[in-house]
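Peer 1:
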Amino acid sequence: MRPTAPLSLILLICMAVCVVGTVVAFFFASDWASKHITMSGKVDIEAVGVGTEYGSIEDTVSSSNLVITLQDNYIHLIPGMDISLPANVKVYQSTSMPLIRAKFTLQMYKHNDDGDDVILDDDTDIYDIMPQMTASLHSIITGNGWVLDESDMYYYYIGTNTIQTDVGDTLMSEVDATAGNVVVHFINQDIEFPRNVESDQSGFNVQFVITFEAIQNYIPDEKGAQLPNTITNSKIIFDESREP
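According to the numbering used here, the sequence shown is numbered sequentially starting from 903.
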């Protein structure tokens, strides 16, 4: 028979075992959650003319597809003549509902001695007839739900929204193309070419330039929170997108 160990020794052994146990024991738990969400569809627009098909009028590498028709089948502009240059914007179907703006500019240019086209940029040669077209052009465009912001000379599409005292505070209208393509009219009626053109402008070439731009309808602030879709706020994205 082995001798019985003293009680104090047995207690010391138990304590040692317990100490070792508290060192190696630890707690562990794991949990997770996951869900996917689809990115919004791309903003896709195209400059189009008129008619049931609304064909493209966008410039290509070699030509411009903007169709200009003069009154009574004339081939040269006459002061006071009606001009047809239908220009609208097609918003292609998407889960996005974009905000759009447009600009209409007019330039006059002449041929230099080499036969090349040179846009006039000399103070003695520039003839700013754009303001003379404002009455005819402006009434058509604004009648289609656009408002002109004179700070940058862009027209912003606001639909039926109320124009605010400060134009920049006006809410833009989202173009709902979630169910299919939507054509937003810009210039869809004849306009009148200015009457008070100087005689020494005869023979000059006139270039019409129409630009459409579109952005998403969610404008985030610096922290990602959504800002109201006002004209001023839209420029945060519009103007940043134009930078190289």
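A virtual CB, placed ideally from N, CA and C, is assigned to each residue, including glycine.
1. Expressed to the nearest angstrom, what Euclidean distance is found between the alpha-carbon atoms of P1122 and S932?
2. Under the rule that 16 or more other beta-carbon atoms within 10 Å means buried, what is P1096, buried or exposed?
3. Taking all protein chains shown into account, do 16 or more other C-beta atoms lie within 10 angstroms of the C-beta of G1045, making it buried, or fewer, making it exposed?
4. Using DSSP bridges, identify the partner residues of M999.
5. What's the gap between the Cα of N1131 and the Cα of Q1118?
6. Hey, could you find the ends of the beta strand (DSSP E) K944 is sitting in?
7. With 16 other CB atoms within 10 Å as the buried threshold, where does L1129 fall?
8. Is the number of C-beta pairs between the segment 992-1008 and the segment 1062-1071 that are closer than 8 Å three or more?
9. Sort out for me which residues DSSP pairs L1129 with in a bridge.
10. Need the endpoints of the beta strand (DSSP E) that I1089 sits in, please.
11. For V1037, tell me which candidate among T962, D946, S1053, I1093 has the shortest Cα-Cα distance.
12. Going by Cα to Cα distance, which pick from Y1011, G1070, S942, T1007 is closest to H1040?
13. In three-state DSSP terms, what is T1072?
14. Does DSSP put Q1109 in a helix, in a strand, or in coil?
15. What's the C-alpha gap between V952 and H1087?
16. Considering Cα atoms alone, identify which of G943, G1047, T1134 is closest to I1089.
17. Once DSSP output is grouped into helix, strand and coil, what is the label at L1050?
18. For V950, count the other beta carbons within 10 Å of its own beta carbon; 16 or more makes it buried, fewer makes it exposed. Which is it?
19. Beta-carbon within less than 7 Å of I1043's beta-carbon, same chain only, minus the 5 sequence neighbours each way: which residues are those?
20. Excluding the five sequence neighbours on either side, which residues of its own chain have a C-beta within less than 6 Å of the C-beta of H978, listed in chain order?
21. Use the C-beta contact count for I970: other C-beta atoms within 10 angstroms, 16 or more gives buried, fewer gives exposed.
22. Would you kindly work out how many angstroms separate the C-alpha atoms of L972 and D984, rounded to a whole number?
23. Count the other C-beta atoms from every protein chain shown that fall within 10 angstroms of the C-beta of Y1059, then say buried if there are 16 or more, exposed otherwise.
24. Which value, in whole angstroms, describes the spacing of the CA atoms of F1110 and Q1009?
25. Just list the residues that DSSP pairs D984 with in beta bridges.
Peer 2: If we stick to the structure as given:
1. 35 Å
2. buried
3. exposed
4. Beta-bridge pairing links M999 to no other residue.
5. 10 Å
6. Segment: none, K944 is in no beta strand (DSSP E) and carries neither H nor E.
7. exposed
8. no
9. I1121
10. 1084-1089
11. Val is not the amino acid found at residue 1037; the sequence shown has Ala there. Of the candidates T962, D946, S1053, I1093, the one whose C-alpha sits nearest the C-alpha of A1037 is I1093.
12. T1007
13. coil
14. strand
15. 9 Å
16. G1047
17. strand
18. buried
19. Y1057, F1088, I1089
20. none
21. exposed
22. 6 Å
23. buried
24. 7 Å
25. E1094
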